[in-house]
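Chains as they are written, first to last, in the working numbering: chain D, 1 to 112; chain E, 113 to 220. Just so you know, even glycine gets a beta-carbon here, dropped at the ideal spot from N, CA and C. Because the structure is a prediction, the values reported are computed rather than measured.
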């Protein structure tokens, strides 16, 4: 069953801790993305990767880091430098940049 | 000015109505356009993808793009209560900018 899997679905973190969100796809897509969704603000792009071993900052990359060591995996680390990390995080993939993008079911991160 | 603007709603319609959802964008370089449906606490589901002006139809959904006026629309025919969700438009070139979403309620 092809798709994008994000885990965990819910995540709680203490202030000052780093946390890594998982995103795996079995669609054989080259491009992958991370978005953040906050109420009333829509989706904002954090990082994107056109191809394995390459990634670029999006519009709100500060306080986040990513890696793309494998085609199917694009983990996002939310660092302690991110001032407002509580949000709904969405991972997406597409065959290439500018083709249709498909989303995972999201991870809701709460900082306590 | 946001690059992609969308009325947040909520938009309430009776079951069976034709729904019109709209977005405007400011960057004339945008070439690719998508519409998503998002249920509460779920990931967005792709409904339509298009890269040219004109209409594209898929079942009860029609996407319309007017590049000259930088206006994109999604029409839903014979709307159902299960269509109640937030609808997101997206536009871009090598990366996509999303609107804030329009909340739709279809009343039985």
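Reduced DSSP secondary structure (H/G/I, E/B, other) of residue i
i              : result
residue 185(E) : strand
residue 195(E) : helix
residue 126(E) : strand
residue 218(E) : strand
residue 142(E) : coil
residue 107(D) : strand
residue 62(E)  : This structure cannot speak to residue 62(E), because chain E is shown only from 113 to 220.
residue 19(D)  : strand
residue 100(D) : coil
residue 112(D) : coil
residue 115(E) : coil
residue 5(D)   : strand
residue 212(E) : coil
Beta carbon proximity, residue i to chain D, threshold 8 Å
i              : result
residue 207(E) : yes
residue 156(E) : yes
residue 183(E) : no
Cβ of residue i within 8 Å of any chain E Cβ
i              : result
residue 42(D)  : yes
residue 3(D)   : no
residue 102(D) : yes
residue 97(D)  : yes
residue 168(D) : With chain D running from 1 to 112 in the structure shown, residue 168(D) is simply not present.
Neighbourhood of residue i by C-beta, 8 Å cutoff - its chain only, sequence neighbours within 5 removed
i              : result
residue 68(E)  : Coverage of chain E is limited to positions 113 through 220, which leaves residue 68(E) absent and any answer about it impossible.
residue 163(E) : 143, 144, 145
residue 141(E) : 205
residue 110(D) : 10, 11, 12, 13, 86
Cβ-based neighbour list, residue i, same chain, cut-off 6 Å, excluding 5 preceding and 5 following
i              : result
residue 129(E) : 191
residue 133(E) : 186, 199, 214
residue 183(E) : 136
residue 31(D)  : 50, 94, 96, 97
residue 143(D) : With chain D covering only 1 through 112, there is no way to say anything about residue 143(D).
Per-residue contacts from residue i into chain C (C-beta, under 8 Å)
i             : result
residue 47(D) : Among the protein chains of the structure shown, namely D and E, there is no chain C.
Same chain, Cβ closer than 7 Å to residue i, neighbours up to 5 away in sequence not counted
i              : result
residue 195(E) : 188, 216, 218
Would you list, in chain order, the members of the stretch 65-91 of chain D that have their beta-carbon closer than 7 Å to a beta-carbon of chain E? Closer than 7 Å at the C-beta level to chain E, one finds these residues of the stretch 65-91 of chain D: 90.
Positions along the stretch 190-218 of chain E whose CB lies within less than 9 Å of some CB in chain D: Residues of the stretch 190-218 of chain E whose Cβ lies closer than 9 Å to any Cβ of chain D, in chain order: 200, 202, 204, 205, 206, 207, 208, 209, 210, 211, 212, 213.
Enumerate, from N- to C-terminal direction, the unbroken alpha helix (DSSP H) stretches of 4 or more residues contained entirely within the stretch 21-98 of chain D. Taken in chain order, the complete alpha helix (DSSP H) segments of 4 or more residues contained in the stretch 21-98 of chain D number zero; there are none.
Residues of the stretch 133-152 of chain E in Cβ contact with chain D at a cutoff of 8 Å, in chain order, please. Those would be 143, 144, 146, 148, in chain order.
Closer than 7 Å, Cβ to any Cβ of chain E: which residues of the stretch 24-35 of chain D, in chain order? Residues of the stretch 24-35 of chain D with a Cβ closer than 7 Å to any Cβ of chain E: none.
Note down, one range per segment and in chain order, each beta strand (DSSP E) of at least 3 residues found wholly within the stretch 152-181 of chain E. Counting whole runs of 3 or more residues, the stretch 152-181 of chain E contains the beta strand (DSSP E) stretches 157-162, 166-170, 173-178.
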